[in-house]
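Participant: Residue numbers (our numbering), protein chains in the order written: chain W, 181 to 302; chain V, 128 to 240.
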Amino acid sequence: QLQLQESGPGLVKPSETLSLTCTVSGDSISSSSYYWGWIRQPPGKGLEWVGTVYYSGSSYYNPSLKSRVTISIDTSRNRFSLRLTSVTAADTAIYYCARLASRSSLYYFDYWGQGSLVTVSS
Amino acid sequence: DIVMTQFPDSLAVALGERATINCKSSQNVLSSSNNKNYLAWYQQRPGHPPKLLMYWASTRESGVPDRFSGSGSGTDFTLTISSLQAEDVAVYYCQQYFGTPQTFGQGTKLEIK
Chain W
181 QLQLQESGPG LVKPSETLSL TCTVSGDSIS SSSYYWGWIR QPPGKGLEWV
231 GTVYYSGSSY YNPSLKSRVT ISIDTSRNRF SLRLTSVTAA DTAIYYCARL
281 ASRSSLYYFD YWGQGSLVTV SS
Chain V
128 DIVMTQFPDS LAVALGERAT INCKSSQNVL SSSNNKNYLA WYQQRPGHPP
178 KLLMYWASTR ESGVPDRFSG SGSGTDFTLT ISSLQAEDVA VYYCQQYFGT
228 PQTFGQGTKL EIK
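1. Give the straight-line distance between the Cα atoms of residue 267 of chain W and residue 193 of chain V, rounded to the nearest whole angstrom.
2. Per DSSP, what kind of secondary structure is residue 250 of chain V in: helix, strand or coil?
3. In angstroms, rounded to a whole number, what distance separates the CA positions of residue 182 of chain V and residue 241 of chain W?
4. Run through the DSSP bridge pairs and tell me what residue 254 of chain W is partnered with.
5. Using a Cβ-Cβ cutoff of 7 Å, what residues of the region 155 to 175 of chain V are near chain W? List them in chain order.
6. Which residues of the region 214 to 238 of chain V have a Cβ closer than 8 Å to any Cβ of chain W? Give them in chain order.
7. Which residue from V:215, V:191 and V:205 puts its Cα closest to that of residue 150 of chain V?
8. Just checking, does the region 211 to 231 of chain W make contact with the region 264 to 280 of chain W on the three C-beta pairs under 8 Å criterion?
9. With H, G and I counted as helix, E and B as strand and the rest as coil, what does DSSP make of residue 213 of chain V?
10. Is any beta-carbon of chain W found at less than 8 Å from that of residue 192 of chain V?
11. Find the residues of chain W that neighbour residue 179 of chain V, judging by a C-beta separation of less than 7 Å, and give them in chain order.
12. What whole-angstrom Cβ distance do residue 180 of chain V and residue 170 of chain V have, given they're in contact under 8 Å?
13. For the region 228 to 241 of chain W, which residues have a CB atom closer than 8 Å to at least one CB atom of chain V, in sequence order?
14. Between which two residues does the beta strand (DSSP E) carrying residue 242 of chain W extend?
15. Between the Cα of residue 135 of chain V and the Cα atoms of V:129, V:141 and V:146, which residue gives the shortest distance?
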């Protein structure tokens, strides 16, 4: 059974960098069959796609965040990571990692992690 | 961006009754090349991540009860729960994956009347 688990600091100071890692178990992230992604959800609000990455390293980002976000992949450790720079309180959210059910970067998400709450505050 | 608008924002339905949630996209999400609607539905129970219910607008994900069904095409879509169960209390989201960025509706909160 595929499982995804987010990890990283729960508190980040304004203007600093948010870093999260998603560790995948039950399948190889090197599979060419899937993209992997990040979605975030501010407390009590809706879902926002952050970006996706392929095993090759190809990545796509939400234009609203593009200048601040980087998603990388580490196939040797079966995990992928999110970096979001210059954070503000508006970046406070639950960050989910998920698998896209296809080798297309535009697809639905069939497996999700439990989510990691990141609060931006001094 | 393709804007997804759900209605109603919240809904209260009696146990055993039908629940209907609507989703409208600002642009067509039906592909002319494969005749598929690039529309998915998710269920998010309190304190849990979203769970995939439907994709291609009307294909049920494996393990999802058949009381859930999806319909619609082009810009107008509906998620129907034929007989509401207590465990269906959740927020439901639609998502389009036709154009980038992929976008979600604002969510519809479903409660028991």
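Where is the CB? At the ideal position from N, CA and C, for every residue including glycine. Remember, it's a predicted structure, so these values are computed and weren't measured experimentally.
Facilitator: Taking the geometry as given:
1. Straight-line spacing of the CA atoms in residue 267 of chain W and residue 193 of chain V works out to 43 Å.
2. Chain V is shown only over 128 to 240; residue 250 of chain V falls outside these bounds and no answer can be derived.
3. Looking at the two C-alpha atoms, the distance is approximately 22 Å.
4. For residue 254 of chain W, which the question treats as bridged, DSSP gives the partners W:259.
5. So the close ones are 167.
6. Correct list: 220, 222, 224, 225, 226, 227, 228, 229, 230, 231, 232, 233 and 234.
7. Nearest C-alpha to residue 150 of chain V: V:205.
8. With a cut-off of 8 Å, the region 264 to 280 of chain W and the region 211 to 231 of chain W count as touching, because enough Cβ pairs lie within range.
9. In the three-state reduction of the DSSP assignment, residue 213 of chain V falls in the helix class.
10. Residue-level contact by beta carbon fails for residue 192 of chain V and chain W, as no gap is shorter than 8 Å.
11. Close partners of residue 179 of chain V in chain W (Cβ separation under 7 Å): 288, 289 and 290.
12. The pair is a contact, with the Cβ atoms about 5 Å apart (cut-off 8 Å).
13. Under the 8 Å Cβ criterion, the region 228 to 241 of chain W contributes 228, 229 and 240.
14. Looking at the DSSP string, residue 242 of chain W is not in any beta strand (DSSP E), and its letter there is neither H nor E.
15. When each option's Cα is compared against that of residue 135 of chain V, the closest is V:146.
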